[in-house]
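Here the structure is laid out as structure tokens; the discussion comes afterwards.
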Amino acid sequence: MDLDVSQSQLNLTITSYMIVQGLVPLLTGNLSDRKGRRPVLLMSLIIYLGVNIGLACQNSFAALIILRCFQGFGSSGATVVSMATVADMVTRADRGKYMAYTSLGFTIGPALRPILGGILTKFLGWRSIFWFLVIFAGVMILIIMFFLRETCRTVVGNGSLPPQSWNKPVFLELKHRRHPPPAPTASDLEARLTPASSKKKEQRHCLVLWGIVASLRVVLSKPVGLVILCNTFFYCGFMAVMTSIPALLEQKFNHNALQIGLCYIPFAAGSFAARWTTGTIADWNFRRHGRKVGVEVKHNQQTRDQLQQIPLEKVRLQITLPLVYLSCVFVLGYSWIMNYDISIAGPLIMLFFMGNTVIDVNTTLSTLMIDLHA
Numbered sequence: 003m004d005l006d007v008s009q010s011q012l013n014l015t016i017t018s019y020m021i022v023q024g025l026v027p028l029l030t031g032n033l034s035d036r037k038g039r040r041p042v043l044l045m046s047l048i049i050y051l052g053v054n055i056g057l058a059c060q061n062s063f064a065a066l067i068i069l070r071c072f073q074g075f076g077s078s079g080a081t082v083v084s085m086a087t088v089a090d091m092v093t094r095a096d097r098g099k100y101m102a103y104t105s106l107g108f109t110i111g112p113a114l115r116p117i118l119g120g121i122l123t124k125f126l127g128w129r130s131i132f133w134f135l136v137i138f139a140g141v142m143i144l145i146i147m148f149f150l151r152e153t154c155r156t157v158v159g160n161g162s163l164p165p166q167s168w169n170k171p172v173f174l175e176l177k178h179r180r181h182p183p184p185a186p187t188a189s190d191l192e193a194r195l196t197p198a199s200s201k202k203k204e205q206r207h208c209l210v211l212w213g214i215v216a217s218l219r220v221v222l223s224k225p226v227g228l229v230i231l232c233n234t235f236f237y238c239g240f241m242a243v244m245t246s247i248p249a250l251l252e253q254k255f256n257h258n259a260l261q262i263g264l265c266y267i268p269f270a271a272g273s274f275a276a277r278w279t280t281g282t283i284a285d286w287n288f289r290r291h292g293r294k295v296g297v298e299v300k301h302n303q304q305t306r307d308q309l310q311q312i313p314l315e316k317v318r319l320q321i322t323l324p325l326v327y328l329s330c331v332f333v334l335g336y337s338w339i340m341n342y343d344i345s346i347a348g349p350l351i352m353l354f355f356m357g358n359t360v361i362d363v364n365t366t367l368s369t370l371m372i373d374l375h376a
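Converting from the sequence shown to our numbering requires adding 2 to each position, the first position being numbered 1.
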């Protein structure tokens with residue numbers, strides 16, 4: 003890197019990015035609940051695209067820090083909207099595997115980052131990483147504009163209400179021009195307007211403050227607060243391992259940037275395998291507890307009252323707690339192995355199981371948090 007900074011200073015840019023990415027959902031989460039998923043997602047990605055252009059062109063460490071903060075702001079929208087969309091579209095009975103899919107990005111992304119970053123840095127220089135992100139963000143913006151439908155129930159109800167014309171995907175707008183959809187019924191309109199319009203005027207001028215306060219109330223509630231605290235500790239441990247790998251592999255095995263990047267593949271593979279471990283087990287456990295209370299859980303065939311008979315905390319935490327202990331065992335095993343002169347295969351095996359158990363814990367805790375408020 004040509005900014006003449008130390009490794010600890012570079013790690014500070016990661017810290018600033020993660021702090022902003024963690025705090026911004028206090029605003030964007032409530033905003034997406036009130037205004038819709040697509041506007042928040044598009045706004046976030048447009049900011050993300052612009053910031054990456056700035057990161058590719060900047061020449062000072064101060065600019066790097068500031069722009070990385072704004073990059074965290076832009077990327078946080080995708081995190082919030084992805085989970086919210088799962089809550090909009092998927093019932094609790096099937097939420098486990100879909101949350102596993104959603105959580106893949108949070109763990110596979112950091113795992114693939116060194117691989118792609120190592121290849122791009124080796125052949126095109128470090129600035130090419132940000133140009134790659136510019137292209138990626140641009141492609142995602144186009145896909146969302148053309149194909150992603152609005153799912154927020156405040157905006158579209160149960161899907162029977164059309165969103166605002168500016169909030170429709172292009173393909174849907176073209177389709178409706180050729181074949182106009184049936185007009186929504188009075189009950190459909192009431193389903194949309196009742197929860198959102200009663201306080202609309204008084205909140206219009208303090209939407210930002212209201213969103214932050216509403217989100218803080220949820221975060222500070224005892225059940226959600228404990229889930230977030232546990233998830234925070236796990237994510238801190240996950241990031242500590244991820245950021246230490248390059249220095250350890252370079253020092254212990256004399257690997258270059260490309261070789262270090264390839265060593266993240268086992269972690270990514272373990273994360274990907276979580277779809278078939280925690281996702282399947284979570285949905286199976288939900289159905290098992292449903293049978294215990296006399297509810298035969300089938301796809302989208304249960305009433306809200308029936309689903310509320312199932313003890314959500316017990317369903318999710320029965321899977322989470324064993325995974326927490328397993329994850330700690332693999333982290334300790336990885337730390338112990340790295341103190342001895344052994345083959346690179348040892349750390350890579352530990353990274354695979356760490357990736358699997360970390361995303362398992364993240365998925366089950368995130369699913370529980372959504373279950374409590376969806």
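Glycine included, each C-beta is placed from N, C-alpha and C at the ideal position.
Note that the coordinates shown come from a computational prediction; the quantities given were computed from them, not determined experimentally.
query	result
Indicate whether residue 232 and residue 367 have their beta-carbon atoms separated by less than 8 angstroms.	yes
Do residue 324 and residue 1 have their beta-carbon atoms positioned less than 8 angstroms apart in this structure?	The first residue shown for the chain is 3 and the last is 376, placing residue 1 beyond what the model contains.
Which whole runs of the alpha helix (DSSP H) in the stretch 222 to 261 are 4 residues long or more, in chain order?	224 to 255
So residue 293 and residue 102 are supposed to be a Cβ contact under 8 angstroms. How far apart are they, rounded?	Not really, about 22 angstroms apart at Cβ, beyond 8 angstroms.
Mapping DSSP to helix, strand and coil, what is residue 143?	helix
Which residues in the same chain as residue 355 place their Cβ atom closer than 7 angstroms to its Cβ, once the five residues preceding and following it in sequence are excluded?	272 and 332
For residue 375, which of helix, strand or coil comes out of DSSP?	coil
Helix, strand or coil, according to DSSP, for residue 13 in the structure here?	helix
Just curious, the alpha helix (DSSP H) that residue 42 is in, first and last residue?	39 to 59
With C-beta atoms as the reference, is residue 34 less than 8 angstroms away from residue 154?	yes
Tell me whether residue 281 sits in a helix, a strand or coil according to DSSP, three-state version.	helix
Assign residue 251 to one of two classes, buried (16 or more other C-beta atoms within 10 Å of its C-beta) or exposed (fewer than that).	buried
Determine the direct distance from the alpha carbon of residue 5 to that of residue 61, and round the result to whole angstroms.	7 angstroms
Exposed or buried, which one is residue 248 when buried takes at least 16 other CB atoms within 10 Å?	buried
One question on the structure: do residue 172 and residue 134 come within less than 8 angstroms of each other, judged by their Cβ atoms?	no
Going by DSSP, what residue range makes up the alpha helix (DSSP H) through residue 268?	267 to 276
Would you report the Cα separation of residue 95 and residue 105, rounded to the nearest angstrom?	18 angstroms
How about residue 291 and residue 312: do their beta carbons lie closer than 8 angstroms?	yes
By how many angstroms is the C-alpha of residue 246 removed from the C-alpha of residue 335?	15 angstroms
Can you give me the start and stop residues for the alpha helix (DSSP H) that residue 335 sits inside?	314 to 339
If you draw a straight line from the alpha carbon of residue 51 to that of residue 136, how long is it in whole angstroms?	5 angstroms
I need the DSSP call for residue 263, collapsed to helix, strand or coil.	helix
Expressed to the nearest angstrom, what Euclidean distance is found between the alpha-carbon atoms of residue 168 and residue 341?	58 angstroms
So, is residue 265 buried or exposed, given that buried needs 16 or more other C-beta atoms within 10 angstroms?	buried
So, is residue 280 buried or exposed, given that buried needs 16 or more other C-beta atoms within 10 angstroms?	buried
Comparing C-alpha positions only, which one of 330, 259, 218 and 238 sits nearest to residue 29?	218
Leaving aside the five residues before and after residue 139 along the sequence, list all residues of the same chain whose C-beta is less than 6 angstroms from its C-beta, in chain order.	47, 50 and 51
Which residue comes first and which comes last in the alpha helix (DSSP H) that contains residue 81?	63 to 91
Helix, strand or coil for residue 204? Go by DSSP, reduced to three states.	In this prediction, residue 204 scores a pLDDT of 44, lower than 50, which makes its location untrustworthy; the coordinate-derived value is nonetheless stated afterwards. In this structure, residue 204 counts as helix in the three-state DSSP scheme.
Within 10 angstroms of the Cβ of residue 73, are there 16 or more other Cβ atoms? Answer buried if so, exposed if not.	buried
Based on Cα-Cα distance, which residue from 100, 14 and 351 lies nearest to residue 364?	100
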